[in-house]
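In the numbering used here, the protein residues as written are 8 to 452.
Step one of this worksheet: look at the structure below.
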Ligand code: SAH
Ligand code: SF4
Ligand code: F3S
């Protein structure tokens, strides 16, 4: 075999994109080796996200930075994938002529064919863009899955979204909700297990809706129970949960299946019923708090994270205070908060974006200050406890440390040799920081 070409993928956005990037890399693994520096690659793929803030501008700026690299050698290939590519399609080609290939999320499976097409005919290739053109073939387990030594892997269980929250672009760029057949998911998870993966995160924009579109009456609870039957997998996570769709049956499965970790990402988006209504979220504050209460009652020690939007059209200071109060009430372990950004084509983009920019930033800051304290409290509370950690990779800082996560999804850095990678160990938490914990291995005896 000749020398392999080199690939680099830049990934933005949600776990769906991360999953797609892994698939692209693995589909091409026979021909391309990974390089960390895009400048050294023969193929660079920019996998884009359009969910917030001027994505188009950002993508064009990033492509501008890759222009010199692309122009330096005519054999190089610059590809754009993901949700911005899906949305911009042909305009992207007009605005960034250095791009060779533009493809939507549903073209991931076609990547090898698109690259050969490109090699044969050095013109630009724009792939088919059809958010409904989801074919099951794209998600079949690949031979090389897990071959890169990963111990924790994402597995898509669903694509798209039916919710059409008034602010959100996702249903437009990813199409309607479609569940993957259970057997296919199980095969993929089992294959990962054979390759050393010990933890899987099941991905969907609304995992609680899993199975609704499948014949055979399986739901999210069945999914959790069936994945848990795969011996090699010792931890199961899932994201994202939806407060309106999360049924008691799902909570029961989270509580009863030992392998399912004590961590739920349950976005609320606003604490104000008036705002939630206009966001078309399909629940009110009381329903949200009811789900949290039930989860906490059934799953002792549950960690909860959420998403919040500030500065939604029409959001008053009083509405925003409801947001602060719900955060205090839930006491999130962590919270992702965003400034509202109108997305073209969505319902709320037609409404006046009337909260002044300055005000939006101030609200975001107030919210983040509150959460900073709650996160800190949540981390402090771990101190002194002994927790099971799965060691995933070398720590970013601290030579000789490995980084892993607890079942509650807290990052812990621990002095440990590489032989611990991919293994579980009980760890005593000795220090709590803002974004991570520090621990020491406790001898198993
Ligand atoms: N399916 C998930 C969310 C996916 S998008 C859910 O319903 O919770 C991830 C997060 O981006 C959302 O939870 C929301 O907080 C944020 N977001 C989405 N659209 C946005 C917009 N137009 N402006 C600002 N934040 C947005
Ligand atoms: Fe977007 Fe709402 Fe679907 Fe989440 S549930 S992806 S916020 S439309
Ligand atoms: Fe972004 Fe597309 Fe995910 S818009 S959040 S990458 S579904």
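Glycine residues also receive a C-beta, built at the ideal position from the N, C-alpha and C atoms.
As the structure is a prediction and not an experimental result, all values here were calculated from the model.
- Counting only beta-carbon distances shorter than 6 Å to the non-hydrogen atoms of the ligand F3S, the qualifying residues in chain order are 20, 21, 23, 24, 56, 57, 58, 89, 90, 176, 177, 180 and 181.
- Going by C-alpha positions, residue 355 is about 19 Å away from residue 90.
- Judged by the Cβ position, residue 257 fails to qualify as a neighbour of the ligand SF4 at the 6 Å threshold, every heavy atom of the ligand being at least this far.
- Inclusion of residue 212 in the 6 Å shell around the ligand SF4 follows from its C-beta lying nearer than that to a non-hydrogen atom of the ligand.
- Annotation: the segment 65–95 contains the following complete segments of the beta strand (DSSP E) (minimum length 3 residues), in chain order: 84–88.
- Nearest to residue 55 by C-alpha distance, out of 81, 111, 71 and 282, is 111.
- Between residue 182 and residue 27, the alpha-carbon positions lie close to 16 Å from each other.
- An exposed status is given to residue 98, since fewer than 16 other beta-carbon atoms sit within 10 Å of its beta-carbon.
- Nearest to residue 170 by C-alpha distance, out of 180, 163 and 162, is 180.
- The C-alpha of residue 282 lies about 11 Å from the C-alpha of residue 275.
- When DSSP states are grouped into helix, strand and coil, residue 371 belongs to the helix group.
- By the Cβ criterion, the segment 259–272 is not in contact with the segment 367–382, since fewer than three pairs of Cβ atoms, one from each stretch, lie closer than 8 Å.
- When the beta-carbon positions are compared, residue 196 and residue 158 stay at least 7 Å from each other.
- Taken in chain order, the unbroken stretches of beta strand (DSSP E) that lie wholly in the segment 318–399 and span 3 residues or more are 341–346.
- Remark: the shortest separation between the CB of residue 348 and any heavy atom of the ligand SAH falls under 6 Å.
- For the pair residue 347 and residue 318, the CB atoms are nearer than the 7 Å cut-off.
- For residue 322, the closest of 285, 237 and 352 by C-alpha to C-alpha distance is 285.
- In the structure shown, the three-state DSSP call for residue 58 is coil.
- Under the DSSP definition of a beta bridge, residue 52 partners with 16 and 86.
- By the C-beta criterion, the segment 254–266 is judged not to be in contact with the segment 184–196, since fewer than 3 inter-stretch pairs fall below 8 Å.
- Around the CB of residue 71, fewer than 16 other CB atoms lie within 10 Å, so the residue is classed as exposed.
- Taking each of 220, 21, 14 and 178 in turn and checking the Cα distance to residue 122, the smallest one comes out for 14.
- The residue from 306, 176 and 296 with its alpha-carbon nearest to that of residue 251 is 296.
- Ranked by Cα distance from residue 247, the options 441, 279 and 209 are led by 209.
- DSSP lists 159 and 242 as the beta-bridge partner residues of residue 206.
- In the DSSP assignment, residue 193 falls within the unbroken alpha helix (DSSP H) covering 189–201.
- Only buried fits residue 367, as 16 or more other CB atoms lie within 10 angstroms of its CB.
- The beta carbon of residue 203 is closer than 6 Å to those of 429 in its chain, skipping five residues each way along the sequence.
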